[in-house]
Amino acid sequence: MSPPRIKSRRGSYKYHEVLSVYEDKINVSQSSKLFWTRLLFGRTRSRITGEIFKIEIPHPYRLFVYNSIIKCMKINKEEIKYPIESYKSIGDFFSRYIKEETRPIGDISEYSIVSPCDSEVIDFGELKSDYLENVKGIKFRVKTFLGSNFYKKYNDDSTKMYYAIFYLSPKKYHHFHAPFNFKYNIRRHISGELFPLFRGMFKIINNLFDINERVILSGEWKGGNVYYAAISAYNVGNIKIINDDELLTNNLRTQLTYMGGDVDTKIFDNYKNVEVGDEIGEFRMGSSIIVIFENKNDFMWNIKPNQTVSVGERLGGIEDVNTSEKKTERAERAERAERAERTERAERAERTERAERAERAERAERAERTERGGKPKMGKKKGGKALPLTSKVKCPRYREEKER
Numbered sequence: 001m002s003p004p005r006i007k008s009r010r011g012s013y014k015y016h017e018v019l020s021v022y023e024d025k026i027n028v029s030q031s032s033k034l035f036w037t038r039l040l041f042g043r044t045r046s047r048i049t050g051e052i053f054k055i056e057i058p059h060p061y062r063l064f065v066y067n068s069i070i071k072c073m074k075i076n077k078e079e080i081k082y083p084i085e086s087y088k089s090i091g092d093f094f095s096r097y098i099k100e101e102t103r104p105i106g107d108i109s110e111y112s113i114v115s116p117c118d119s120e121v122i123d124f125g126e127l128k129s130d131y132l133e134n135v136k137g138i139k140f141r142v143k144t145f146l147g148s149n150f151y152k153k154y155n156d157d158s159t160k161m162y163y164a165i166f167y168l169s170p171k172k173y174h175h176f177h178a179p180f181n182f183k184y185n186i187r188r189h190i191s192g193e194l195f196p197l198f199r200g201m202f203k204i205i206n207n208l209f210d211i212n213e214r215v216i217l218s219g220e221w222k223g224g225n226v227y228y229a230a231i232s233a234y235n236v237g238n239i240k241i242i243n244d245d246e247l248l249t250n251n252l253r254t255q256l257t258y259m260g261g262d263v264d265t266k267i268f269d270n271y272k273n274v275e276v277g278d279e280i281g282e283f284r285m286g287s288s289i290i291v292i293f294e295n296k297n298d299f300m301w302n303i304k305p306n307q308t309v310s311v312g313e314r315l316g317g318i319e320d321v322n323t324s325e326k327k328t329e330r331a332e333r334a335e336r337a338e339r340a341e342r343t344e345r346a347e348r349a350e351r352t353e354r355a356e357r358a359e360r361a362e363r364a365e366r367a368e369r370t371e372r373g374g375k376p377k378m379g380k381k382k383g384g385k386a387l388p389l390t391s392k393v394k395c396p397r398y399r400e401e402k403e404r
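Quick note: the sequence shown, position 20, residue 20 per full-length UniProt numbering, numbers continuous.
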């Protein structure tokens, strides 16, 4: 349920009134912080930056501009799918595609989850209540964030709710994908601020995820219910969802939801099916993705906090019998390969040592011959073998002829 509408006077933001009726008023930052943050990172300024990024760059200057960005932000140029000079604007370059073969889907089971984006894993774990707070300062009310109640599909103790928060830096690949096979039939657009989502901002503004603009897809998968959220940030007002042309984000004339505006809810006639790795949408710049999903009790994460992950990389799953057998088989193959490699290295080392010994012996022999008067010249062959010519100095016959 949305907060009550508030009639604010033109040119004045009535933050105290907003907080007095907001359903999560205890956990929202004080009005002064909210006011100054909005003054610095307002939607209009973010929109202006976005329009600048849409300006077409003349073709002769594109290589210089994009190579400068690549060098400055340390972007992997080899992954970019199309020639960089084909991107008309900076915004197009940041929303570039990468080569499919650079992001293979991990070996997963039906209850596993893979990374939906190239990102840093800010936080993950079990969702035990409506209010989420961690040691990094991230706080938000899940119900407010989703714009609706969230619940489990299976009303028993066999499943739990889990969550994962991903941060996409501006240099990363900006498209986001399906973390598993799922289907959705509800899309909610919650208008809000476009505040930056770096870590320091969470300490300034409580419930930052509840305040920023976002798009939530609600549906279900093999493990139960799933909520997939794409969150806007500064310079990232535009969120695009595949095959959803009605979605319009960063609309200046829309009243923000946390200030009393409505939640734009669209219910599709039929479920939208997506398979693991399928593209769901894109940002124009870096931002965040939050996935809240239901899964079995024995689901286990295979990642660490602040770990950098890529699209398709396995994040966790259930270790069933088949998976364990596959792991054992892979471990045996790896062990055999390692043994073969060790044997090959030992043989190479032995061959190298023999060659070095032979070379040392040859050098010693050459040195000995040099001490005896130089390397003997090879004469005519006798019996198939070359005979050395006798030195004139040591030849008795030569000495006799010289004395005469």
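Just so it is clear, CB atoms sit at the ideal spot from N, CA and C, and this is done for glycine as well. Quick caveat: nothing in here was measured; it's all calculated off a predicted structure.
In the structure shown, L248 adopts coil according to DSSP, grouped into three states.
In this structure, I98 sits away from L146, with a CB-CB distance that is not shorter than 7 Å.
By the Cβ-count criterion, P305 is exposed, with fewer than 16 other Cβ atoms from all chains shown falling within 10 Å of its own Cβ. Collapsing the DSSP output to three states places R187 in a strand. Using a C-beta cut-off of 8 Å, the segment 52-68 makes contact with the segment 85-105, since at least three inter-stretch Cβ pairs fall below that distance.
Pairing S119 with F166 gives a Cβ-Cβ distance under 7 Å. For I318, the closest alpha carbon among the candidates L40, I113, V309 is that of I113.
Sequence-distant Cβ neighbours of E193 in its own chain, meaning closer than 6 Å and more than five residues away, are I211, N212. Apart from the 5 residues on each side of it in sequence, T370 has no Cβ closer than 6 Å to any other Cβ in its chain. Per DSSP, the unbroken beta strand (DSSP E) holding D264 starts and ends at 264-274.
Boundaries of the alpha helix (DSSP H) harbouring M73: 59-73, taken from the DSSP string. Inter-segment contact for the segment 58-66 and the segment 74-85 is present: three or more beta-carbon pairs are separated by less than 8 Å. For Y162, DSSP records a beta bridge to E126, F293. Annotation for K222: no alpha helix (DSSP H) segment contains it, and DSSP assigns it neither H nor E.
Contact check for F283 against H174 passes: the beta carbons are separated by less than 7 Å. Out of D123, I231, N270, G125, the CA that lies nearest to the CA of K183 is found in N270. Contact between T249 and I242 fails: their C-beta atoms lie close to 14 Å from each other, not under 8 Å.
If you ignore the 5 residues before and after E338, its C-beta comes within less than 7 Å of no other C-beta in its own chain.
D264 is positioned such that its CB atom lies closer than 7 Å to that of H189.
Each residue's CA atom was taken as its position, placing I48 and S109 some 45 Å apart.
Inter-segment contact for the segment 65-82 and the segment 272-281 is absent: fewer than three beta-carbon pairs are separated by less than 8 Å. Taking C-alpha positions only, R372 is separated from A334 by approximately 57 Å. By alpha-carbon distance to Y111, the top candidate from F299, A358, R357 is F299.
The alpha-carbon separation between R345 and T352 amounts to approximately 10 Å.
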